[in-house]
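Below is one structure; the comments refer to it alone.
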Amino acid sequence: MADALHDQIRAFILENYLFTADTSALKLDDSLLGRGIVDSTGMLEIIFFIEEQLGVKVKDEEMIPDNLDSVNRIAAFVESRRKAA
Amino acid sequence: MCGIAGVYLSARDAQPERARLERMIKAIAHRGPDGAGFHLEPGVGLGHARLSIIDLGGGAQPIHNEDETVWISYNGEVFNYIELRKFLEERGHRFYTHTDTEVIVHLYEELGDRFVEELNGQFAFALWDRRKRRLLLVRDRTGILPLYYSQVDGDVWFASEVKALLASGRVRAAMDPDGFDQLMTFWAPLAPRTVFAGVSQVPPGEMVILDEQGMHRRRYWEWQFPDQGALRRAPAAQLQSELHDILADATEIRLRADVPVGAYLSGGLDSSSLVALLKERVPTTLQTFSIGFDDAGLDESAHQRSVVSHLDTVHNHVQCSLADIAGNFVRTITHTESPILRTAPSPMQMLSGLVRGSNVKVVLTGEGADEVLGGYDIFKEAKVRHFWAQQPGSRWRPALLKRLYPYLDFTSDQSAAYLKEFFGVGLSQPDQPGFSHLPRWTTTAQCKLFWSDEFRARVTGDAPERLRAALPADFGRWHPFNRAEYVEAKTLLPSYLLSSQGDRMLMANSVEGRFPFLDHRLIEFATRLHPRYKMRVLREKWLLKETMRSRLPAGILQRHKQPYRAPDAAAFLGAHTPQYVKELTSEATIRSYGYFDPGKVSRLIAKLARSKVPAARDNMAFIGILSAQIWHATFVAGQVVE
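As they're listed, the protein sequences go chains Y and E. The first sequence lines up with residues 0 to 84 when you count with numbering that gives the first Met the number 0. The second sequence lines up with residues 0 to 641 when you count with numbering that gives the first Met the number 0.
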């Protein structure tokens, strides 16, 4: 289910890794690693984005594909951290 | 070195047009500013632009045999020409010059097509046998010198550079989509393919034979590795002695010239080793040349100074700024005749300019040592990934990658998970050909994201599959290390390092490069060796280091290999963006040339402009796009880019 948070995350990834505004280029469940959209250095930029734009600090042990490998996973991770805060 | 050009006409009685050949030679006059020569007869035309290195007064080309039935237009150096000439004179051949060129003509008469196996050197030439009415287009073993050809209406046009083919007026420039696909995978197209549709290159180690039966290719040399079980092992001291003797002789014969010979000095092991060996032979006057960068992360000046001080050479240095790269880049692409993914050739062009400005015409370089003696990080990476593939669940096996890339962080779960994803590509099939290079190819191929849909639809093949299909039949029986060496020797070395970053940047300033580490005797010594002598655990070029230990400063021997890099997108973006960059990357020009998606390109440029530390793949994509636009403007649209 796409909401403002999902849209914001998807827009960031489309703009910075797929260089397009076409939302059909990225499904919410697409694996960012599996599709070759980000690599390990690209992940650093996503973490900066989560911390600076979404206001959620990411701990070392949280930087795993389960939390960060798709728009849905990033959104779920961010929401859970916001609730916990 | 020189430039050659010519034509083989399908109509045997047709007379070639001299004016066309003159235009072709004029287009590559930078390769040979010391003179031009032509030989025309029915069915064939040979042209030559000369850079005088040996027999300065008497070596005008094309050159012929005693009765003028065999002719040659030749670019290169045969370093064992003195020994070959002696052999030929004993067999009754008479010479009218003192050149290495004439040796080839008589050797062909003496041995037929086997003659090429006796040549030790770097060469690309056209040899015409009037009696048999056949033309041979021959290229050296490893691809040091270039040779292109194109068949148009049955006639075959050939030249050292594509611009000469275009100057003939018979060959038209257009992008080969599959060639560009290979470039955006391997960094360069696989020979015989080029980025020009309809233009082929003679593959390294091959000759193209043109006669009344048609055109066919024959391979005369190959990077041949033994089966794993047959690799050579011997006492280290013995191998060090053998390596020293071969390398010393390879260096010695590359000093044969009637003009001063200098050397490039990067501050790494390979060039330092050469300079040490040279210094023993040219004690007082050896000139060395190096380049430095303002960016401390790329600059090797301190290491260069250390070697200069240790070996006491007459040193010349040029500093390369971001503005130098932006200012030289159009000229660089005019000479590479190909899009490139890094700016690294541009500073090499400045370096050859420094050499020429110092009145030196010939330089020795350390190129080839990493391929032949096991220096590249990609070999280490492949070794670790093989080790890891044996226990894919292991946590600490992939952590060995940290030894290669100290800036990578394997300590946290985060990094380990992502790095495993990157380096783990293909891990389930470690014996698949190309395993060693999959991470690099996968990363490079991300540049294709910027292609337009229309261009993407014109690509017909899969680049790695095409490479796999061309591998030797016994490839699968080789040691994994040797497989990685072979792929490197067939992809990056000939068509990028020796071409875009080598011959083209040297010849842009009429300077000849010589490459002792690519002496075929050294390659044949090294291909037989067990890889343990090349890489001991993860210590690269082990045998070379042991061999040179007494001759070099300890700091040079202990250095971790630093890949040669130059500043990329940063040179072109920001407040000082040159006008040509703005024009060629504008939405209108991107759309008009058709290779890329204008929206994606403008987003990439915007992202690079706001990135403090641009991602490697964004840098690579930008340089690929900009250089492809310059390439199109220059060669296809025929514009002068300023």
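Don't be surprised by glycine CBs; every beta carbon is placed ideally from N, CA and C. On a predicted model such as this, the values are computed, not experimentally measured, just so you know.
- Message: Under 8 angstroms, with one C-beta from each stretch per pair, do the segment 153 to 170 of chain E and the segment 419 to 436 of chain E reach the 3-pair mark?
- Response: no
- Would you say E/T96 and E/Y73 are within 8 angstroms of each other, going by their C-beta atoms? By the CB criterion at 8 angstroms, E/T96 and E/Y73 fall outside the cutoff.
- Continuous beta strand (DSSP E) assignments of at least 3 residues falling wholly in the segment 303 to 390 of chain E: 313 to 319, 361 to 363
- Where E/K599 meets chain Y, residues with beta-carbon distance less than 9 angstroms: L17, F18, T19
- Is Y/N66 helix, strand or coil by DSSP? helix
- Query: Interface residues of chain E around Y/E51 at Cβ under 8 angstroms?
  - Reply: Y/E51 does not reach chain E, its nearest Cβ partner there being about 13 angstroms away, counting only Cβ pairs nearer than 8 angstroms.
- Could you pull the start and end residues of the beta strand (DSSP E) that E/G44 belongs to? 43 to 48
- Query: The beta strand (DSSP E) spanning E/N74 covers which residue range?
  - Reply: 69 to 77
- Message: Below 7 angstroms, is the gap between the Cβ of E/D226 and the nearest heavy atom of the ligand FMN?
- Response: The model on display carries no ligand, and the ligand FMN is accordingly not part of it.
- E/H559 (DSSP reduced to helix, strand or coil): coil
- Task: Compare the C-beta of Y/D38 with all C-beta atoms of chain E and state if any pair is closer than 8 angstroms.
- Result: With 8 angstroms as the cut-off, Y/D38 counts as an interface residue toward chain E.
- Item | Cβ neighbours of E/M349 in the same chain (closer than 8 angstroms, five flanking residues each side left out) | I290, V317, C319, D323, N327
- Along chain Y, in chain order, which residues have C-beta atoms closer than 8 angstroms to that of E/Q428? Result: empty, since nearest Cβ-Cβ is about 17 angstroms, beyond 8 angstroms.
- Within its chain, find whatever has a CB closer than 7 angstroms to the CB of Y/F48; leave out the 5 residues flanking it on each side and keep chain order. F11
- Contact between the segment 583 to 602 of chain E and the segment 615 to 633 of chain E (3+ Cβ pairs under 8 angstroms): With contact defined as three or more Cβ pairs closer than 8 angstroms, the segment 583 to 602 of chain E and the segment 615 to 633 of chain E are in contact.
- Query: Which residues in the same chain as E/G204 place their Cβ atom closer than 7 angstroms to its Cβ, once the five residues preceding and following it in sequence are excluded?
  - Reply: Taken in chain order, the residues that qualify are R140, R218, Y219, W220, E221.
- E/Y495 (DSSP reduced to helix, strand or coil): In the three-state reduction of the DSSP assignment, E/Y495 falls in the helix class.
- Message: Assuming E/Y579 is part of the alpha helix (DSSP H), what are its boundary residues?
- Response: 578 to 583
- Query: Can you list, in chain order, the residues of its chain whose CB lies under 6 angstroms from that of E/R19, leaving out five sequence neighbours each side?
  - Reply: Here the set comprises S167.
- Query: Listed in chain order, which residues of the segment 556 to 585 of chain E have Cβ atoms closer than 7 angstroms to some Cβ of chain Y?
  - Reply: none
- Item | chain Y contacts from the segment 435 to 453 of chain E (Cβ-Cβ distance under 9 angstroms) | T441, T442, A444, Q445, L448, F449
- Query: Out of E/I52, E/A398, E/P61, which has the shortest C-alpha to C-alpha gap to E/E76?
  - Reply: E/I52
- Item | When E/R535, E/A325, E/V69 are compared against E/A574, the one with the closest alpha-carbon | If you compare the alpha carbons of E/R535, E/A325, E/V69 with that of E/A574, the shortest gap goes to E/A325.
- Query: Taking only runs of the alpha helix (DSSP H) that begin and end inside the segment 480 to 526 of chain E, which ones reach a length of at least 4 residues, in chain order?
  - Reply: 503 to 506
- Query: Between E/W450 and E/D596, is the Cβ-Cβ spacing less than 8 angstroms?
  - Reply: yes
- Item | Beta bridge counterpart(s) of E/G291 as assigned by DSSP | E/Q318
- Task: Show which residues of chain E have a CB atom less than 7 angstroms away from the CB atom of Y/G35.
- Result: T441, Q445
- Y/L25 at chain E interface by Cβ criterion, 8 angstroms: no
- Minimum C-alpha distance to E/A48 - residue among E/E65, E/F124, E/H105: E/F124
- Own chain, CB closer than 6 angstroms to E/M347, minus 5 neighbours either side, in chain order: Cβ neighbours of E/M347 within its own chain (closer than 6 angstroms, five residues either side excluded): Q500, M504.
- Message: My assumption, with CB atoms under 8 angstroms, is that E/R132 sits in contact with E/E211. Please give the rounded CB distance.
- Response: 6 angstroms
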